[in-house]
Every structure is written in C-alpha cells, then in structure tokens.
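Q:
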Amino acid sequence: MLRSVSDNTSVNATEVDDLGPDPDIDDPMEAEGLRMEEITYHRPPNPLARKEQRVSAVTKLICSMIAFSRNRRCNGPQLRNSIEFLACGITERVNQWLMYHGLASSRQTAMSALKTLSSCAQSNLKNAFSRPSSAVVSPIICIDNLDIEQHVHTNSIGHQSHTFHGTWGYIQFPSPELLKTLDTSELTLDCFNEAMKKVSSFQIEPSMFMHTPESEASYRAIWKSQIARVLNQYIARPNNRAQAIGLDPPPVEKISSKAPDILMLKLMDAPENSSEGMGRVLDATAQQTGLDLDQFFGRLQLMDGDLATCRNFNSLRSLRVPSAYAHHSLHNISFQLGASHTLWNIASSIFKSHFGDVKDSTDTGAWRCLESLGIPHAKAFPKKDFSLMIKHMEQVHEATILHCIKTVMGTQGQPIPEPDLSKGLPKIPTEKWNTIIEDVYLRYCTGEAREKASKQECPKLHNLLIRLEEFSTVVEAKRAMKAGDIGRLLNIWKKWSVMSQSLKGLRNYSAYLPRMVLLLTEILPPSLAKHFRHSLLFSPSGRENHFVAKDFYLELQNYWLKFFFNQTGAGTQIDRLKNLFSLNIHMSHKNIMTTKSLNVFLQMANNFNILDESSGAQKGEQNKIKKVGNSYILGSQKIKVEIGNDPNLSRFKLHMRCDTGLGEEDDDEQLVPNEEPGGYEL
C-alpha cells in the first residue's frame, strides 16, 4: 500500500535548507530511483518535503484506485499491495474488501503472481550456481527438517490427517570481501582432500583444546565485561566511560556485518531423518541447482545442519564407502554443526547439572534462583523454546553476579531502589568502578577462588562458583554470536569440547564438537579454515551486533512457513507451501530484570547465605548439600584416560577421512543413526 509520513508541524520554506540530508539514506540516487518505481520510499530530508510527498502519495493512490476501477488491467499498485497483504497474513475476507475499494487485487491474482515469482526464484537459483564465481567457491547450503501436520477435519478413505516430513533450506554466497582476503588455491576440493588424507597420521594433543595465554587474557576481559554490564545496568555508572572497564570484551576475530546474499531453496518432499532420506535430499538439492551430478559432486560443497543431519549424512557416506564415483562417495561435501543448536544442547546440559534438587527445601541450585526471580522451576526448560531457556540461564547468572557485587560493596542487606527515569542511575568515580569489578573478579571468578572454595567443608560456595564459571561460557557464547566474533566463539567451543566429555546427555557432541574444532583450527589450510569459520554466522540486516547463526536463521524461516503462511484458514496445502511460499520468503531484545524481582532474589540470597559468608553451614546441612563437580576438570581427566586407552584419540577423527580405512569398525554411533539421546540434543 502506498505510504506517507504524516506531519502536523507547520514549516516555512526558509527552514528547508537548515535541515541536512537524512542520515539513514546510503545512496540517495538509488533511493530516488526506487521511489520513482514505487518499490520503496525515500524519506524526505525535511518536514516541507514530507508534506509534499504525502500530497503526492495520496494523489497517486486516488488515481490508481480510479484507474483500477475502470480497468482491472491497470493493477500495478494493487498487485503489489495484494502480495504484501498476503505476506502480512491479511485474511481473504479483508483482502476482498480492499479489492472492492480499489486498493488491492484479488487473492487469486496474488497467487498467480506468486507462481511467476516462484518460477523466477528457481531460475535465479540455477543462475547462481552457474556464475563464474561459483566455480571457484560454491555457495554454502544450509538445510533443516520441516514437519507439518496436515490436519483433516472430516476423515475418509485416502483423506486423513498425517504429518508431512520434508526438508528446507537456503544457499548463501560467500562474501566477495572475504574471498579477497583468501588464497583461492586453498579453496579447492583437491586441497580439502589432501588435508583429510593427513587426518589418519595427525596427532591430536590435549593442548589443542586448552587455554593459551591469549585466550586466558581474552576470557579475563570477558569476565570483567560481564561484571561491568551488571554493575552498569542495576547499580551505578562510571564518571568517565573512556577510562572504565568496557562493557564488551576486545574482539578476537570479527566477521563482516555486510548483509548476506541468500536464496531460499524449494521445500523438498524428502525427510533428512535417515540415511535414505539424506540421499534423496542431496539429489533434490542438486536438481534445484541446475547442475548435473558430476558438476555438483565434483567441487567442494560446504553444508550446514544440526547434529542429527550431520550424523545421518555421515551414516550415508559410510554405507557408500568404497566408491569410485564422486556422486556416490560424497567426499566433496563437508557438514558443519549449527552454532545455535550447539549452544542450545550444551547449555541445556550445563543448566541441568546445576539445576539442583527441587524437593530439598535447603537446596540453593539454579531452580531456587529462578523461583526467586518469579520463574516457576517447572518452566525452566520450555518445550521447543531454547532461546527462553538461554534467557533463564542469563538471568540466574546476572542476578548471582549482582549479589556478588553488592557483597563486595558491603550493601548486600540493602534493596535496590526503584530507578528514577528522569535522573538515571547514580555515577561513581571511575577508579571505584574499576576496583569493584576487579575485586569481584578476584574473589569469585578466578581458578584460585574456586580451588579455595573446594577445600571448604561446606560445598555451597564451591557449587555457586562452578555455576558462575560454567554459566559464563553460555552467556559469552550467546554474546559472541550476536557480536559476530567467531574467535571468541571458538575459544568457548574449545572449552566445551573438554566439558562435554563429562557432561551428561552429550554422547554425540562429545565427539562431534572436538572434531569440528580441530577441523577449523588445526587440520584445514588457513584460507579454507577461515572460509569455514566465517560461514557460521552472518548479520541478516547488515548491522553490527545483530549476527545470528545460520541454523537459527533457518529456524526463523521455518516458523514463518509453518505457523504463519500455513495458517490462513484454507488448511494445510503442502503443494502450495512448496511451490509458492517456500521460494518467496525473503529474509534484540535485551534481557533486563525488574527491580522487584532482583530484590526478592537478593533477599533469598541473604536468607540462604549462598556465598557462605557467615561461619558456614551446620554439620547436618554440610552432609546434605551435594558437591557439584567441575565439568572442565572432570572432562580433562576423561580425556587423559581415553589417551591411555587410545593414544591417537580415534574417536575425534571419525568421519573426517577421504580414504576407507579410518576406524569404521570403532564407530558405534553409525550402527544406530536414528537413535538420539533424550533431552535437547538435536
């Protein structure tokens, strides 16, 4: 629909020159051209121009309504409006009213237009793979399963409710700016195969997953930034921001925030939840690219998916070995774990290990913190809402840090006052601000503090410090992904590679995550490894600090297709979703707790003495509190035991070879490719 900016401000012509150009416009000439084509709207630079644009927009709208009423073929604005209304979920009844008044075309016309757009989208997809640049570096493919219930109200023979199991995804073109920084000779399939052939003789050292001096310094800054954020949000702010400890840690390896070039794939009637289904998905994907099998399977193809997708692909490839045919052996395809699914699964395991016993009235686990913040412990793990689970962990983490800060400041008995919106939080000297953060870090966040707490008779403080340490990795992974810093994220993945060896419910991630870390940091050539790393995250809107993982972006598109375009009142029509909507879908909030919730939490923390500041718990309470193990230390010990039994750590090398003799008899996971452990492991 034609839009205009309303403005009730009176303005003189002399005010026009006082206002500069709109800072939101990147290319005024391009914006003006699009405005003339009525595709988008150039925001006028001043109130007078906005008034003129409003008059012009209303005039054009009236003329288009009259022309459409006299001749239905004069339907340019109406056709565009009808497609926009369809995308916005407007019902057919409302659309019919708009059509009657000359504001939109019929729903049938809009569906016909979508068919044309779908044909264009399929042609664009094939043209994309035929580009000369695609021969150098193939576009990256991201796929995920999509299950939709086809509900039938009145059952009959051959007409019953059932679930559609399909696969959907998109392709992403590598950034031209990134390719300029890479050695294209290292981005070939031959170079990739040479690196994979060296895996069998590659010696894995535990130090590859351990901290380096650089990562130690980075994580120290991460800890202080997390403390600074809580101090800045809820207590006070520094006088001099430039000299204060930053709210964000220094970057390690940033990804370009330029908006990615993405094309959606057509919804495929082929589930990828088995080896056979994965083969059908790959064939259907190759068919959509317009390439023959020799071309598609004859060049390096990077793909993204969740853990189940990666396992099913590896299972399929294991069944086809040995093979002399490229489209049969699948040695040109490399799957990467989705960053969001990795975060969700490992965070869930960490959360459960620190959740505590809800039946114990003296327990101070994470469930107690959630209850004091107004979140019922039964809703700590919402079904299929993993982002909310991460939010719960972040709230527990920041509330605990807040109590630590108030304890260091000596104000743990004082409630947080309601903020004055007109004045804001009080300011304190920058030196005092930095000193508070340093004291909190040294007292509660260092390895020495955790070791000292582990020697106390009561494990209460030890459990809390271990929870702080492990929850901090989840919070940092989330923030590193949002910031587009793949270097910080990889440092967390290295730590999780060790922790996953001892955390429960991560039998598959304990092998797949270290495997991926080794691939990105040790095995692949530098340019190829950088290409793989920088393909894990992107910023859909092209803005800084608005990055998402590729699998998370696909989950958003799945939601639009599954719950928005599917629920139009006409029932589920899979053919319509496949042929019309799936090809045409194109594509921050802050976690702030209320003062009332925080005061209740602080009261609970003081009543239960969660920092064990007094003389300590009584003897009966000491025996009742169960000590929580440090998953990083326990994971390191398990790796040492595994090295004693298998010095080559062959479990971390499975599915990374291009020959046929790499320990297939030891791969117990491929015997049951569809078996997934309980919980959140996806």
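Counting with the working numbering, you get residues 1025 to 1706 for the letters of the sequence shown.
From the three backbone atoms N, C-alpha and C, an ideal C-beta is built for every residue, glycine too.
Compute the Euclidean distance between the alpha carbons of H1098 and M1089, then round it to the nearest angstrom.
A: According to the sequence as given, residue 1098 is Cys; it is not His. Taking the straight line from one Cα to the other gives about 9 angstroms.
Q: Pull up the DSSP beta-bridge partners for P1262, would you.
A: In the DSSP output, where bridge partners are listed per residue, P1262 has I1452.
Q: Does the count of Cβ pairs from the region 1462 to 1477 and the region 1486 to 1495 closer than 8 angstroms reach three?
A: Yes: at least three Cβ pairs fall under 8 angstroms.
Q: Kindly indicate which three-state DSSP category H1183 falls into: helix, strand or coil?
A: Here H1183 sits in strand by DSSP.
Q: Considering R1173, what are the terminal residues of the beta strand (DSSP E) in which it resides?
A: It should be pointed out that residue 1173 corresponds to Glu in this sequence rather than to Arg. Taken as a continuous stretch (DSSP letters only), the beta strand (DSSP E) holding E1173 covers 1164 to 1174.
Q: Going by DSSP in three states, K1089 sits in which element: helix, strand or coil?
A: Strictly speaking, residue 1089 in this sequence is Met, with Lys absent from that position. It is helical.
Q: To the nearest angstrom, how far is it from the Cα of R1567 to the Cα of M1288?
A: Near 21 angstroms, if we compare the C-alpha coordinates of M1288 and R1567.
Q: Name the two residues that bound the continuous beta strand (DSSP E) containing G1329.
A: Run containing G1329: 1325 to 1329, per the beta strand (DSSP E) assignment.
Q: Could you check whether F1571 and L1561 sit closer than 7 angstroms to each other, using their CB atoms as the reference points?
A: Yes.
Q: Can you tell me whether DSSP reads T1684 as helix, strand or coil?
A: Legend: pLDDT at T1684 = 40, less than 50; position of this residue unreliable, value from coordinates given subsequently. Note: T1684 maps to coil in three-state DSSP.
Q: Which residue comes first and which comes last in the alpha helix (DSSP H) that contains D1575?
A: That run of the alpha helix (DSSP H) goes 1574 to 1583.
Q: Using only alpha-carbon positions, find the residue among N1615, E1395, Q1419, H1365 that is nearest to T1333.
A: Minimum Cα distance to T1333 is reached at H1365.
Q: From T1208 to D1307, what distance separates their C-alpha atoms?
A: T1208 and D1307: Cα-Cα distance of roughly 27 angstroms.
Q: If you check the beta carbons only, do I1251 and V1464 fall under 7 angstroms apart?
A: Contact: yes.
Q: Note down the Cα distance separating L1622 from I1440, rounded to an integer number of angstroms.
A: Those two C-alpha atoms are separated by around 8 angstroms.
Q: Taking the runs of the beta strand (DSSP E) that are 3 residues or longer, which of them lie wholly in the region 1221 to 1299?
A: Entirely contained in the region 1221 to 1299, the beta strand (DSSP E) runs reaching 3 residues are, in chain order, 1285 to 1288.
Q: H1558 and L1202 - do their beta-carbons sit closer together than 7 angstroms?
A: Yes. Within cutoff.
Q: In angstroms, rounded to a whole number, what distance separates the CA positions of D1330 and F1359?
A: In a straight line, the C-alpha of D1330 is about 9 angstroms away from that of F1359.
Q: Among Q1311, K1221, S1080, G1190, which residue has its Cα nearest to the Cα of N1151?
A: It is Q1311 whose Cα lies nearest to the Cα of N1151.
Q: Nearest CA to the CA of V1624: which residue from E1666, L1580, L1394, N1669?
A: Of the listed residues, the one whose Cα sits closest to V1624 is L1394.
Q: Does the region 1503 to 1513 come within contact of the region 1264 to 1281, defined as at least 3 CB pairs closer than 8 angstroms?
A: Touching, yes.
Q: Among the residues of its own chain, which have a CB less than 8 angstroms from the CB of E1442, if the five just before and after it don't count?
A: T1619.
Q: Do I1452 and L1255 have their beta-carbon atoms positioned less than 7 angstroms apart in this structure?
A: No.
Q: To which residues does DSSP link T1191 through a beta bridge?
A: In DSSP, T1191 forms a bridge with N1169, M1292.
Q: When we look at the beta-carbon of E1500 and count the other beta-carbons within 10 Å, is it buried (16 or more) or exposed?
A: Buried.
Q: Rounded to whole angstroms, what is the Cα-Cα separation between G1653 and S1342?
A: For G1653 and S1342, the distance between alpha carbons rounds to 37 angstroms.
Q: Report the rounded CA-to-CA distance for S1224 versus K1677, giving the unit in angstroms.
A: Approximately 8 angstroms between the Cα atoms of the pair.
Q: CB E1218 to CB S1551, shorter than 7 angstroms?
A: Result no, Cβ atoms of E1218 and S1551 do not sit closer than 7 angstroms.
Q: If you count every other CB in all the chains shown that lies within 10 Å of the CB of P1156, and 16 or more means buried, which is it?
A: Burial call: exposed.
Q: Would you report the Cα separation of G1685 and D1293, rounded to the nearest angstrom?
A: Because the pLDDT at G1685 is just 40, under 50, the model does not fix this residue reliably, and the value given afterwards should be weighed accordingly. Whole-angstrom Cα-Cα distance: 35 angstroms.
Q: Under 8 angstroms: do the region 1126 to 1144 and the region 1103 to 1116 share three or more Cβ pairs, one atom per stretch?
A: Short answer: they touch.
Q: Which ranges does the alpha helix (DSSP H) cover as unbroken runs of at least 4 residues, wholly within the region 1525 to 1553, from first to last along the chain?
A: For the region 1525 to 1553, whole alpha helix (DSSP H) runs of length 4 or above, ordered along the chain, are 1533 to 1542.
Q: Could you compute how far the alpha carbon of G1434 sits from the alpha carbon of E1637?
A: If you take the alpha carbons of G1434 and E1637, they lie about 12 angstroms apart.
Q: Here's the rule: buried if 16 or more other CB atoms are within 10 angstroms of the residue's CB, otherwise exposed. What is I1425?
A: Its Cβ being crowded by 16 or more others within 10 Å, I1425 is buried.
Q: Please tell me whether R1344 and H1351 are closer than 7 angstroms, where the distance is taken between their beta carbons.
A: Cβ atoms of R1344 and H1351: not closer than 7 angstroms.
Q: Among G1389, I1663, L1548, whose alpha-carbon lies nearest the alpha-carbon of F1216?
A: Out of G1389, I1663, L1548, L1548 has the C-alpha closest to the C-alpha of F1216.
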